[in-house]
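J.:
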Amino acid sequence: MDSGKDYEVKDMSLAEQGMLNIEWAEKHMPIMKTLSARFAKEKTFAGVTVGLALHVTKETAVLVRSLRAGGAKVVITGCNPLSTQDDVAAALAKEGVAVFAYKGENTEDYYRYLEKVLSYHPNITIDDGGDLVTMILTKKPELLKGVIGGCEETTTGIIRLRAMERDGVLKYPMIAVNDNKTKHLLDNYYGTGQSTIDGILRASNILFAGKDVVVCGYGDCGKGVAMRAKGMGSNVIITEVDAFRGMQATLDGYRVMPMVDAAAIGEIFITVTGDKHVIRLEHMKKMKDGAMLANSGHFNVELDLDALGKAAKHRKMRPFLDEYTLDGKKIYVCAEGRLVNLAAAEGHPSEVMATSFAGQSLACAYLVKNRGKLPAKVITLPVEIDDEIARLQLDAMGVKIDALTSEQKKYLTSWEEGT
Ligand code: ADE
484 MDSGKDYEVK
494 DMSLAEQGML
504 NIEWAEKHMP
514 IMKTLSARFA
524 KEKTFAGVTV
534 GLALHVTKET
544 AVLVRSLRAG
554 GAKVVITGCN
564 PLSTQDDVAA
574 ALAKEGVAVF
584 AYKGENTEDY
594 YRYLEKVLSY
604 HPNITIDDGG
614 DLVTMILTKK
624 PELLKGVIGG
634 CEETTTGIIR
644 LRAMERDGVL
654 KYPMIAVNDN
664 KTKHLLDNYY
674 GTGQSTIDGI
684 LRASNILFAG
694 KDVVVCGYGD
704 CGKGVAMRAK
714 GMGSNVIITE
724 VDAFRGMQAT
734 LDGYRVMPMV
744 DAAAIGEIFI
754 TVTGDKHVIR
764 LEHMKKMKDG
774 AMLANSGHFN
784 VELDLDALGK
794 AAKHRKMRPF
804 LDEYTLDGKK
814 IYVCAEGRLV
824 NLAAAEGHPS
834 EVMATSFAGQ
844 SLACAYLVKN
854 RGKLPAKVIT
864 LPVEIDDEIA
874 RLQLDAMGVK
884 IDALTSEQKK
894 YLTSWEEGT
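Heads up: the sequence shown is residues 484 to 902, going by the working numbering.
1. Count the other CB atoms, across all protein chains shown, that sit within 10 Å of the CB of S486; report buried if there are 16 or more and exposed otherwise.
2. For E499, tell me which candidate among E588, H511, E542, D570 has the shortest Cα-Cα distance.
3. Which term fits P741, buried or exposed, when burial requires 16 or more other beta carbons within 10 angstroms of its beta carbon?
4. My assumption, with CB atoms under 8 Å, is that A859 sits in contact with P656. Please give the rounded CB distance.
5. Can you list the alpha helix (DSSP H) stretches of 4 or more residues lying completely in the stretch 646-711, in chain order?
6. Could you tell me the boundaries of the beta strand (DSSP E) in which H797 lies?
7. I'd like to confirm the pairing. Which residues does DSSP put opposite A536 in its beta bridges?
8. Specify, as a first and last residue, the run of the beta strand (DSSP E) that I753 falls within.
9. In terms of residues, what are the limits of the alpha helix (DSSP H) holding E834?
10. Does at least one heavy atom of the ligand ADE sit under 7 Å from the Cβ of L535?
11. Using the DSSP secondary-structure output, state which residues sit across from T722 in a beta bridge.
12. Count the C-beta pairs between the stretch 837-850 and the stretch 792-810 that are closer than 8 Å, then say yes if the count reaches three, no if not.
13. Quick one: residues in its chain with C-beta nearer than 6 Å to the C-beta of C634, no 5 flanking neighbours on either side, listed in chain order?
14. Between the Cα of K556 and the Cα atoms of V531, K577, N563, which residue gives the shortest distance?
15. According to DSSP, which residues form a beta bridge with G487?
16. Assuming I814 is part of the beta strand (DSSP E), what are its boundary residues?
17. Enumerated in chain order, which unbroken segments of the beta strand (DSSP E) with a length of 3 residues or greater are wholly contained in the stretch 547-604?
18. Between which two residues does the alpha helix (DSSP H) holding A873 run?
19. Would you list the one or two residues that DSSP bridges to V739?
20. Can you round the beta-carbon distance between V492 and I641 to whole angstroms, since I take them to be within the 8 Å contact cut?
21. Under three-state DSSP, which class holds N783?
22. Determine whether the beta carbon atoms of G682 and A573 lie at a separation below 8 Å.
23. Beta strand (DSSP E) containing G632: first to last residue?
24. Taking the Cβ atom as the reference point for each residue, do T560 and L518 lie within a distance shorter than 8 Å?
25. Have a look at the DSSP bridge pairing and note the partners of N778.
26. Can the beta-carbon of L601 be found less than 8 Å from the beta-carbon of K628?
27. Can you tell me which of Y673, A529, E785 puts its alpha carbon nearest to the alpha carbon of L764?
28. I need the DSSP call for D744, collapsed to helix, strand or coil.
29. Beta-carbon separation of F840 and L575 under 8 Å?
30. Can you tell which of R645, L620, M495, V616 has the C-alpha that lies nearest to the C-alpha of V582?
31. Starting from the Cα of E750, find the closest Cα among T756, D758, H766, N853 and give me that residue.
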């Protein structure tokens with residue numbers, strides 16, 4: 484481990500490769516360049532310290548650079564023990580960012596690093612899963628007086644925040660960046676769809692064509708994964724607990740059935756529900772020899788691996804692939820049940836993260852502009868900001884669209900005209 488006053492990373496000699504990877508991401512995130520120039524001109528974040536607990540990836544580094552361009556002091560740690568890209572962490576440290584993260588962190592370091600971030604007294608917190616805000620509220624309430632607000636990146640984090648709001652413990656405004664349509668629809672659908680398959684492929688190099696692939700959960704992430712698996716020639720089965728989503732999956736042409744039935748059919752199982760113990764020992768016992776399990780939900784709770792570990796013999800097969808022998812049959816688990824797209828691959832592609840992180844940086848700007856005026860609640864960004872992100876991204880892709888004529892605008896706001 485390499486460490487200094489403001490950093491603790493795996494190996495500083497990786498910094499050069501990290502710089503190249505960040506440059507590669509930046510090239511595919513032109514919208515962030517546009518925003519960085521704006522923040523630099525307006526000094527949007529002058530005097531503001533931003534603390535982040537995000538996946539430390541090349542795309543996150545581009546977000547960090549945009550905040551710093553606007554004058555922010557930035558301190559960052561990871562939000563999952565397996566998702567840090569060590570070369571990127573080293574590059575950030577070399578650029579003078581306070582960074583505490585390495586791939587394969589133990590639980591003690593994970594929480595120690597969250598505390599490190601809070602030791603910089605952030606005015607804005609950016610979370611992916613809600614760990615920073617939870618630590619401030621439960622262990623460091625003295626920091627609240629300096630906090631302007633926070634941003635949350637994931638569905639899982641939003642669920643936690645809404646529970647805090649309901650229980651009256653949320654003490655500062657939290658922007659639900661996850662709920663921007665330019666985040667939710669692109670990141671969860673296209674991002675998770677592609678990167679989940681990417682992670683499973685890098686862990687196993689298994690063929691998807693002709694396989695029975697069970698996708699657990701048909702939210703935006705599940706829809707994306709199902710679409711990509713189908714496109715690769717898999718026979719996709721969906722499991723759901725929500726009647727509307729179950730109906731939608733059926734009408735989209737998938738077989739829908741309870742997990743207990745899918746367990747006996749599937750060859751690859753992918754959880755994307757955000758809930759715990761979606762695949763339990765009772766299901767694993769029904770699986771075929773060679774079945775492979777992967778999770779792409781935020782926390783490593785969707786597969787009951789504790790129960791599997793107790794009932795089965797374990798062997799490390801290759802990086803990010805573990806073998807369990809259960810009742811004489813083999814079951815393979817990708818990336819220890821942690822989010823497979825970031826643990827075994829590189830997470831969502833840069834083009835997708837560009838809109839998610841445009842949302843994060845604009846949410847920070849919104850918090851600064853509205854300092855002291857926002858309630859301690861989960862807040863959705865004004866739709867105009869979301870629309871601006873979509874417009875900027877279209878510009879970046881060189882795509883032009885139509886504009887409403889004045890006659891059309893009038894029609895859309897009137898009721899008199901009928902058949
Ligand atoms: N979440 C999913 N993919 C990501 C990425 N590439 N960078 C940061 N957070 C992510």
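Beta carbons are placed, not taken as given, at the ideal position from N, Cα and C, and that holds for glycine.
T.: Here's the rundown:
1. Numbered from its first residue, the sequence shown carries residue 486 at position 3. Under the 10 Å beta carbon count, S486 is surrounded by fewer than 16 other beta carbons and is classified as exposed.
2. Within the sequence shown, residue 499 is the residue found at index 16, counting from 1. Taking E499 as reference, the option from E588, H511, E542, D570 with the minimal CA-CA separation is D570.
3. Position 258 of the sequence shown, counting from 1, holds the residue named residue 741. If you draw a 10 Å sphere on the C-beta of P741, you find fewer than 16 other C-beta atoms in it, and that means exposed.
4. On the sequence shown, residue 859 is found 376 positions in, with the first residue counted as 1. On the sequence shown, residue 656 is found 173 positions in, with the first residue counted as 1. Indeed they touch by this definition, with Cβ atoms about 6 Å apart.
5. Fully enclosed alpha helix (DSSP H) runs of 4 or longer: 675-687.
6. Translated into the one-based positions of the sequence shown, residue 797 becomes position 314. In the DSSP assignment, H797 falls within the unbroken beta strand (DSSP E) covering 796-801.
7. Translated into the one-based positions of the sequence shown, residue 536 becomes position 53. DSSP, once it has assigned bridges, lists T560, D610 as partnering A536.
8. Numbered from its first residue, the sequence shown carries residue 753 at position 270. Boundaries of the beta strand (DSSP E) harbouring I753: 751-754, taken from the DSSP string.
9. As a first step, residue 834 must be located in the sequence shown, where it is residue number 351. Start and end: 833-852.
10. Numbered from its first residue, the sequence shown carries residue 535 at position 52. Remark: the shortest separation between the CB of L535 and any heavy atom of the ligand ADE does not fall under 7 Å.
11. Taking the sequence shown and counting its residues from 1, one reaches residue 722 at position 239. Answer is C699.
12. Contact annotation: the stretch 837-850 does not touch the stretch 792-810, with fewer than three C-beta pairs closer than 8 Å.
13. The residue labelled residue 634 in the question sits at position 151 within the sequence shown. I609, I658, V660, Q843, A846.
14. Position 73 of the sequence shown, counting from 1, holds the residue named residue 556. Comparing Cα-Cα distances from K556 to each of V531, K577, N563, the minimum goes to V531.
15. Position 4 of the sequence shown, counted from the first residue, corresponds to residue 487. As a beta-bridge residue in DSSP terms, G487 pairs with Y490.
16. Position 331 of the sequence shown holds residue 814. Taken as a continuous stretch (DSSP letters only), the beta strand (DSSP E) holding I814 covers 812-817.
17. Secondary structure within the stretch 547-604: the beta strand (DSSP E) runs of 3 or more consecutive residues, fully enclosed, are 556-560, 581-583 (chain order).
18. Start at 1 with the first residue of the sequence shown, and residue 873 comes out as number 390. Element bounds for A873: 866-880.
19. Numbered from 1 along the sequence shown, position 256 holds the residue referred to as residue 739. According to DSSP, which records beta bridges pairwise, V739 is partnered with I721.
20. In the sequence shown, the residue the question calls residue 492 occupies position 9. In the sequence shown, the residue the question calls residue 641 occupies position 158. Not really, about 30 Å apart at Cβ, beyond 8 Å.
21. Counting from one through the sequence shown, the residue named residue 783 turns up at place 300. Looking at N783 - three-state DSSP - the assignment turns out to be coil, as it is neither helix nor strand.
22. One-based indexing of the sequence shown puts residue 682 at position 199. One-based indexing of the sequence shown puts residue 573 at position 90. For G682 and A573, no; Cβs fall outside 8 Å.
23. Residue numbering aside, residue 632 sits at position 149 when the sequence shown is read from its first letter. If you look at G632, you'll find it in the beta strand (DSSP E) that goes 632-635.
24. Locating residue 560 in the sequence shown gives position 77, counting from the first residue. Locating residue 518 in the sequence shown gives position 35, counting from the first residue. When the beta-carbon positions are compared, T560 and L518 stay at least 8 Å from each other.
25. Position 295 of the sequence shown holds residue 778. Per DSSP, T754, L822.
26. In the sequence shown, residue 601 corresponds to position 118, counting from 1. In the sequence shown, residue 628 corresponds to position 145, counting from 1. No, these two residues do not count as a Cβ contact at 8 Å.
27. Position 281 of the sequence shown holds residue 764. Nearest option by C-alpha distance: E785.
28. Position 261 of the sequence shown holds residue 744. Three-state result, D744: helix.
29. Start at 1 with the first residue of the sequence shown, and residue 840 comes out as number 357. Start at 1 with the first residue of the sequence shown, and residue 575 comes out as number 92. No, the Cβ-Cβ distance between F840 and L575 is not below 8 Å.
30. Here residue 582 corresponds to residue number 99 of the sequence shown, with the count starting at 1. Comparing Cα positions, the closest option is M495.
31. Position 267 of the sequence shown holds residue 750. Closest option to E750, Cα to Cα, is H766.
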